[in-house]
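For the sequence shown, this note's numbering assigns the number 1 to the initial residue and increments by one for each residue that follows. Where a beta carbon is used, it is the ideal one built from N, C-alpha and C, also for glycine. These numbers come from a predicted model, not from an experiment.
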Amino acid sequence: MLKKFDKKDEESGGGSNPFQHLEKSAVLQEARVFNETPINPRKCAHILTKILYLINQGLLSARLPHAVPGVRELFTSLAQPTLRRMCYLTIKEMSCIAEDVIIVTSSLTKDMTGKEDSYRGPAVRALCQITDSTMLQAIERYMKQAIVDKVPSVSSSALVSSLHLLKCSFDVVKRWVNEAQEAVSSDNIMVQYHALGLLYHVRKNDRLAVSKMISKFTRHGLKSPFAYCMMIRVASRQLEEEDGSRDSPLFDFIESCLRNKHEMVVYEAASAIVNLPGCSAKELAPAVSVLQLFCSSPKAALRYAAVRTLNKVAMKHPSAVTACNLDLENLVTDSNRSIATLAITTLLKTGSEGSIDRLMKQISSFMSEISDEFKVHSPRLPSAHCGQKYPRKHAVLMSFLFSMLREEHHRGDSESKETGLSHLCEFIEDCEFTVLATRILHLLGQEGPQDQQPLQVHPLHLQPSGAVSALAKFGAQNEEMLPSILVLLKRCVMDDDNEVRDRATFYLSVLEQKQKALNAGYILNGLTVSIPGLERALQQYTLEPSEKPFDLKSVPLATTPMAEQRTESTPITAAKQPEKVAATRQEIFQEQLAAVPEFQGLGPLFKSSPEPVALTESETEYVIRCTKHTFPEHMVFQFDCTNTLNDQTLENVTVQLEPTEAYEVLCYVPARSLPYNQPGTCYTLVALPKEDPTAVGCTFSCMMKFTVKDCDPTTGETDDEGYEDEYVLEDLEVTIADHIQKVMKLNFEAAWDEVGDEFEKEETFTLSTIKTLEEAVGNIVKFLGMHPCERSDKVPDNKNTHTLLLAGVFRGGHDILVRSRLLLLDTVTMQVTARSSEELPVDIVLASVG
Numbered sequence: 001m002l003k004k005f006d007k008k009d010e011e012s013g014g015g016s017n018p019f020q021h022l023e024k025s026a027v028l029q030e031a032r033v034f035n036e037t038p039i040n041p042r043k044c045a046h047i048l049t050k051i052l053y054l055i056n057q058g059l060l061s062a063r064l065p066h067a068v069p070g071v072r073e074l075f076t077s078l079a080q081p082t083l084r085r086m087c088y089l090t091i092k093e094m095s096c097i098a099e100d101v102i103i104v105t106s107s108l109t110k111d112m113t114g115k116e117d118s119y120r121g122p123a124v125r126a127l128c129q130i131t132d133s134t135m136l137q138a139i140e141r142y143m144k145q146a147i148v149d150k151v152p153s154v155s156s157s158a159l160v161s162s163l164h165l166l167k168c169s170f171d172v173v174k175r176w177v178n179e180a181q182e183a184v185s186s187d188n189i190m191v192q193y194h195a196l197g198l199l200y201h202v203r204k205n206d207r208l209a210v211s212k213m214i215s216k217f218t219r220h221g222l223k224s225p226f227a228y229c230m231m232i233r234v235a236s237r238q239l240e241e242e243d244g245s246r247d248s249p250l251f252d253f254i255e256s257c258l259r260n261k262h263e264m265v266v267y268e269a270a271s272a273i274v275n276l277p278g279c280s281a282k283e284l285a286p287a288v289s290v291l292q293l294f295c296s297s298p299k300a301a302l303r304y305a306a307v308r309t310l311n312k313v314a315m316k317h318p319s320a321v322t323a324c325n326l327d328l329e330n331l332v333t334d335s336n337r338s339i340a341t342l343a344i345t346t347l348l349k350t351g352s353e354g355s356i357d358r359l360m361k362q363i364s365s366f367m368s369e370i371s372d373e374f375k376v377h378s379p380r381l382p383s384a385h386c387g388q389k390y391p392r393k394h395a396v397l398m399s400f401l402f403s404m405l406r407e408e409h410h411r412g413d414s415e416s417k418e419t420g421l422s423h424l425c426e427f428i429e430d431c432e433f434t435v436l437a438t439r440i441l442h443l444l445g446q447e448g449p450q451d452q453q454p455l456q457v458h459p460l461h462l463q464p465s466g467a468v469s470a471l472a473k474f475g476a477q478n479e480e481m482l483p484s485i486l487v488l489l490k491r492c493v494m495d496d497d498n499e500v501r502d503r504a505t506f507y508l509s510v511l512e513q514k515q516k517a518l519n520a521g522y523i524l525n526g527l528t529v530s531i532p533g534l535e536r537a538l539q540q541y542t543l544e545p546s547e548k549p550f551d552l553k554s555v556p557l558a559t560t561p562m563a564e565q566r567t568e569s570t571p572i573t574a575a576k577q578p579e580k581v582a583a584t585r586q587e588i589f590q591e592q593l594a595a596v597p598e599f600q601g602l603g604p605l606f607k608s609s610p611e612p613v614a615l616t617e618s619e620t621e622y623v624i625r626c627t628k629h630t631f632p633e634h635m636v637f638q639f640d641c642t643n644t645l646n647d648q649t650l651e652n653v654t655v656q657l658e659p660t661e662a663y664e665v666l667c668y669v670p671a672r673s674l675p676y677n678q679p680g681t682c683y684t685l686v687a688l689p690k691e692d693p694t695a696v697g698c699t700f701s702c703m704m705k706f707t708v709k710d711c712d713p714t715t716g717e718t719d720d721e722g723y724e725d726e727y728v729l730e731d732l733e734v735t736i737a738d739h740i741q742k743v744m745k746l747n748f749e750a751a752w753d754e755v756g757d758e759f760e761k762e763e764t765f766t767l768s769t770i771k772t773l774e775e776a777v778g779n780i781v782k783f784l785g786m787h788p789c790e791r792s793d794k795v796p797d798n799k800n801t802h803t804l805l806l807a808g809v810f811r812g813g814h815d816i817l818v819r820s821r822l823l824l825l826d827t828v829t830m831q832v833t834a835r836s837s838e839e840l841p842v843d844i845v846l847a848s849v850g
């Protein structure tokens, strides 16, 4: 396992912080090089970067003044532009924690009035940062000159610095208004924007002065789109403070900005109109039309801004957005999931009832890919609006909300979970919808017993027709409630409904045994087989009578428990059973492999790899992909081959394997012919290690061997006897994950107790190349190929310890459970405890990890 982690060493270290382990005393010692002659610019710049980092981390305040003389000497003696600008930045950062920074004022003033334009702007910023109100008048003349300077960078620096100085020296800066008004007429868009900002902040407490300023600049026009955006915000704020009349020149100005040539100005105007209180649908129409155009923009930022704003409009004026439905429909499939989510939620407010099913299915498909902000927003919509607007679609909407209840971010808060389950208990008493009641009862049975006060939160007088399974789960996990549960189940034995009687009798007999292993196996976790596979296997067993008892291990496994499979399917009473259940991917493979004579007697197929492994590049002359099939004592490698050369036909194609471990190649099943662009399949059968059964990890060297025959590209007819050839493929790797099938255990502790400690083993490992718990958890889950239980793959923030719970089934049908305790110090230490019904799976897991 450690070797597997080593492969990601470069990636894991690539994003680390190079200054993470800096020591302030060492940095201050290094700062002595500032006084050296000649100066080393590269070295000095690197040390200044360290000082800036320590300042921003709050680690360099008490001893910083000792470094200031060195920075001063460096600043006054250097001429290298990059290093000088670093000094400006350092002086600004040191101004708030070092008192004697003021000694560089004369040098900064000299730079501010000098001839080097690249120094003047940063010098203005640094000088204003260290200048207090008592010294500001000394540089007032220089600031006025800088504001109207012909160099845009100098003028902008002076204007921005003036904005900061307003907080401490308002009266002094107020005298610079004439210069700021002159700067507003600048051809540079940033200078105009900054000058307008300074004018507004000087006058913002005088409503009449602000109105005059807006009137003046809207009449003469502005060159800067940033300045327009600021004026729109100022105008909308004025409108809100006034009576909000739409006859105001301010509203006319905002509306005129909808026709601006700059997209940011147009959006700012549309957003301002939409957010004005009391707007009617007619007044919103121009803004909505502009936003509708933005929905088809090639720029993702514009599409996002438009659909988010339309979403707000739809909350109060859905009719105003109806005209945009076609454009919103196009955004439902947008590659940006945030845009798609907003488009769907907007359509739910403005669309038709017929589109509800499709929209809810679409948003459910990518809920895991969107941020928490949208996850919180998405469930609110069906509950707040759509339930009333589309009453006939309650089943679809409730299904979506039910799935949101199961989402880990909602389930993580115990207080909110108890409140939610309490509401569900009250709701279920009067619920008349069978499907909804069934799902709520299943959720109560799964989550309810884990509450701290289940007796107070969950009433026991639920209807027995749907609550038998839920009650049994309470009884299996809570000894205090068990006597009451047994009384209720005994009453249910006399129920009129056959299914209720059968379930009550079954659960009653299990609970009366008072054995944790029985409770875990038959109530809490249940069977882990595929229900369609079980039905098909039982039907086949009845058609072909045998003296051997039915073997449940021959049934394909399911990654979801039987209880959830049943819950997610349509109730038996609500629909007719299909005549034929669709075959799963593994069942299709099993049927194909059973038809190969060489594979007779291998036993049931345990697992097929989820995705084929590519052994060649997709652009090469031969494209080979391998699917690994695991049986109890063998593995079959299925090689799907494609010949991309139209002037060749391949015959007797095999893939020869050379294992590095104790695997033994038994036979090859060739693909007889491989014409151009017609896929063919060959197989290789290997026996699993017997002398050392724990050595399941192996790397195979692969060589494709075949006979080449040249052919006519048009007819495909071969014209010679052919010749033998071979083609080297990528190595094929077999890991422990190929021998373990994922299964979900809803209650890990119950499953842990059920397996028992007869074959429990424990070891401790150090993951030397892993630096975070999240990375460790991800690598462990991927390497072992087991299912993380009880959301233990989610690592809480700011934690240095974590417990990962994993469940699986080892080939041969043996349950394997792993509890991995992780501790993060400098590296990750992992304590692995494994349990199984047999000793071999435990030994294999620990040997593979080590």
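| task | Going by DSSP, name the residue or residues bridged to S701. | result | Residue numbering aside, residue 701 sits at position 701 when the sequence shown is read from its first letter. Paired residue(s): E658.
| field | Neighbourhood of R835 by C-beta, 6 Å cutoff - its chain only, sequence neighbours within 5 removed | value | Along the sequence shown, one-based indexing puts residue 835 at 835. Result list for R835: V755, E760 and L817, in chain order.
| said: Quick check on S836: does DSSP put it in helix, strand or coil? | reply: Taking the first residue of the sequence shown as position 1, residue 836 is located at position 836. Three-state DSSP puts S836 in a strand.
| Contacting residues, own chain, Cβ-Cβ under 8 Å from L825 (five flanking each side not counted) | For the purposes of this step, residue 825 is identified with residue 825 of the sequence shown, where counting begins at 1. Hits under 8 Å: N800.
| query | Assuming Y228 contacts N260 under a Cβ cut-off of 8 Å, what Cβ separation, rounded to an integer in Å, is found between them? | reply | Here residue 228 refers to the residue found at position 228 when the sequence shown is read from its first residue. Here residue 260 refers to the residue found at position 260 when the sequence shown is read from its first residue. Yes, they are in contact, since the Cβ atoms of Y228 and N260 sit about 6 Å apart, within 8 Å.
| query | For Q592, which residues of its own chain have a beta-carbon under 8 Å away from its beta-carbon, when the five flanking residues on both sides are left out? | reply | As a working mapping, residue 592 is identified with position 592 in the sequence shown. Nothing meets the Cβ criterion.
| task | List the whole-angstrom C-beta distance separating A287 from I232, where the pair is believed to meet the contact cut-off of C-beta under 8 Å. | result | Along the sequence shown, one-based indexing puts residue 287 at 287. Along the sequence shown, one-based indexing puts residue 232 at 232. The pair is not a contact, with the Cβ atoms about 12 Å apart (cut-off 8 Å).
| Hey, how far is the Cα of A320 from the Cα of D206? | As a working mapping, residue 320 is identified with position 320 in the sequence shown. As a working mapping, residue 206 is identified with position 206 in the sequence shown. The straight-line gap separating the alpha-carbon atoms of A320 and D206 is approximately 37 Å.
| request: Enumerate in chain order the residues of its own chain whose CB-to-CB distance from L222 is below 8 Å, with the five nearest sequence positions on each side excluded. | output: Locating residue 222 in the sequence shown gives position 222, where the first residue counts as 1. Its chain contains Q192, L196, Y228 and M231 as the residues whose beta carbon lies nearer than 8 Å to that of L222, once the 5 sequence neighbours on both sides are disregarded; these appear in chain order.
| Start and end of the alpha helix (DSSP H) containing M231? | Position 231 of the sequence shown holds residue 231. Looking at the DSSP string, the run of the alpha helix (DSSP H) that includes M231 is P225 to E241.
| request: Identify every residue that forms a DSSP beta bridge with A687. | output: Counted from its first residue, the sequence shown places residue 687 at position 687. DSSP lists H634 and E664 as partners of A687.
| Count the other CB atoms within 10 Å of the CB of V307; is the residue buried (16 or more) or exposed (fewer)? | For this step, residue 307 is matched to residue 307 along the sequence shown. It is buried - the Cβ of V307 has at least 16 other Cβ atoms within 10 Å.
| Is DSSP giving S484 helix, strand or coil here? | For the purposes of this step, residue 484 is identified with residue 484 of the sequence shown, where counting begins at 1. The answer is helix: DSSP assigns S484 an H, G or I state.
| message | Beta-carbon within less than 7 Å of P81's beta-carbon, same chain only, minus the 5 sequence neighbours each way: which residues are those? | response | As a working note, residue 81 is residue 81 in the sequence shown. Excluding sequence neighbours, P81 sits near S118.
| request: Given a cut-off of 9 Å, decide if Q586 and L602 are closer than it, judged by their beta-carbon atoms. | output: Translated into the one-based positions of the sequence shown, residue 602 becomes position 602. Translated into the one-based positions of the sequence shown, residue 586 becomes position 586. No. Outside cutoff.
| said: Considering only the alpha carbon of each residue, which of E268, V636 and A323 lies closest to A305? | reply: By 1-based counting over the sequence shown, the position of residue 305 is 305. Ranking the options by Cα distance to A305, first place goes to E268.
| message | Is the separation between the beta-carbon of S157 and that of G114 shorter than 9 Å? | response | For the purposes of this step, residue 157 is taken as the residue at position 157 of the sequence shown. For the purposes of this step, residue 114 is taken as the residue at position 114 of the sequence shown. Between S157 and G114, the C-beta gap is not smaller than 9 Å, which leaves the two residues out of contact.
| field | Nearest candidate by alpha-carbon position, reference K516, set F506, N478, L489 and R503 | value | Taking the sequence shown and counting its residues from 1, the one referred to as residue 516 is at position 516. Comparing Cα-Cα distances from K516 to each of F506, N478, L489 and R503, the minimum goes to N478.
| task | Could you round the C-beta distance between Y668 and N643 to whole angstroms and report it? I think they count as a contact, below 8 Å. | result | Sequence index remark: in the sequence shown, residue 668 carries index 668 (1-based). Sequence index remark: in the sequence shown, residue 643 carries index 643 (1-based). In this structure Y668 is not in contact with N643, their Cβ atoms being roughly 18 Å apart against a cut-off of 8 Å.
| What are the residues that DSSP puts in a beta bridge with V828? | Counting from one through the sequence shown, the residue named residue 828 turns up at place 828. Residue pairing of V828 in beta bridges, as defined by DSSP: L767 and L824.
| field | Residue interval of the beta strand (DSSP E) (run including F810) | value | Residue 810 sits at position 810 when you count from the first residue of the sequence shown. Taken as a continuous stretch (DSSP letters only), the beta strand (DSSP E) holding F810 covers T801 to F810.
| For E724, which residues does DSSP report across the bridge? | Numbered from its first residue, the sequence shown carries residue 724 at position 724. E724 is bridged to T707.
| request: Whole angstroms is fine: what's the gap from T769's alpha carbon to T829's? | output: The residue you call residue 769 lines up with position 769 of the sequence shown. The residue you call residue 829 lines up with position 829 of the sequence shown. Between T769 and T829, the alpha-carbon positions lie close to 11 Å from each other.
| said: Taking a contact to mean a Cβ-Cβ separation below 9 Å, would you say N747 touches A520 in this structure? | reply: Here residue 747 refers to the residue found at position 747 when the sequence shown is read from its first residue. Here residue 520 refers to the residue found at position 520 when the sequence shown is read from its first residue. Yes, the Cβ-Cβ distance between N747 and A520 is below 9 Å.
| Nearest neighbour of A339, chosen from N56, K771, S297 and E758 [CA to CA] | Stepping through the sequence shown from its first residue, residue 339 is reached at position 339. First, the residue type needs correcting, since residue 339 is Ile and not Ala in the sequence shown. Here the closest residue by C-alpha is S297.
| query | Would you call the region 807 to 816 and the region 835 to 847 touching, i.e. three or more CB-CB distances under 8 Å? | reply | Contact between the region 807 to 816 and the region 835 to 847 is present: 3 or more CB-CB pairs across the two stretches fall below 8 Å.
| query | Among T735, Q181 and H194, which has the Cα closest to the Cα of F810? | reply | For the purposes of this step, residue 810 is identified with residue 810 of the sequence shown, where counting begins at 1. Closest option to F810, Cα to Cα, is T735.
| query | Going by DSSP, which residues form a beta bridge with L650? | reply | Counting from 1 along the sequence shown, the entry for residue 650 is found at position 650. Beta-bridge pairing links L650 to L674 and V708.
| query | Using the C-alpha atoms, what's the distance from M112 back to L136? | reply | For the purposes of this step, residue 136 is taken as the residue at position 136 of the sequence shown. For the purposes of this step, residue 112 is taken as the residue at position 112 of the sequence shown. Distance between the alpha carbons of L136 and M112 is about 14 Å.
| field | Touch test, the region 616 to 630 against the region 722 to 735, Cβ-Cβ under 8 Å, three pairs minimum | value | The answer is yes - the region 722 to 735 touches the region 616 to 630, with three or more Cβ pairs under 8 Å.
| query | By Cβ distance below 7 Å, which residues in the same chain neighbour C128 in space, the five residues on each side in sequence not counted? | reply | Taking the first residue of the sequence shown as position 1, residue 128 is located at position 128. Excluding sequence positions up to five before and after C128, its CB lies within less than 7 Å of the CB of S161, H164 and L165, all in the same chain and listed in chain order.
| Of all the options K92, V487, L258 and A281, which has the alpha carbon lying nearest to the alpha carbon of A270? | Taking the first residue of the sequence shown as position 1, residue 270 is located at position 270. If we check each option's Cα against that of A270, L258 comes out closest.
| query | Are L674 and V665 close, meaning C-beta to C-beta below 9 Å? | reply | For this step, residue 674 is matched to residue 674 along the sequence shown. For this step, residue 665 is matched to residue 665 along the sequence shown. Contact annotation: L674 and V665 have beta-carbon atoms that are not nearer than 9 Å.
| Cα-Cα, which of L804, Y663 and L276 is closest to R791? | The sequence position of residue 791 within the sequence shown is 791, counting from 1. The shortest Cα separation from R791 among L804, Y663 and L276 belongs to L804.
| To which residues of the same chain is H194 closer than 6 Å at the C-beta, ignoring the five residues directly before and after it? | For this step, residue 194 is matched to residue 194 along the sequence shown. Hits under 6 Å: S156, L159 and V160.
| message | Let me confirm a value: M315 is counted as buried when at least 16 other C-beta atoms fall within 10 Å, else exposed. Which label applies? | response | For this step, residue 315 is matched to residue 315 along the sequence shown. With fewer than 16 Cβ atoms within 10 Å of its Cβ, M315 is classed as exposed.
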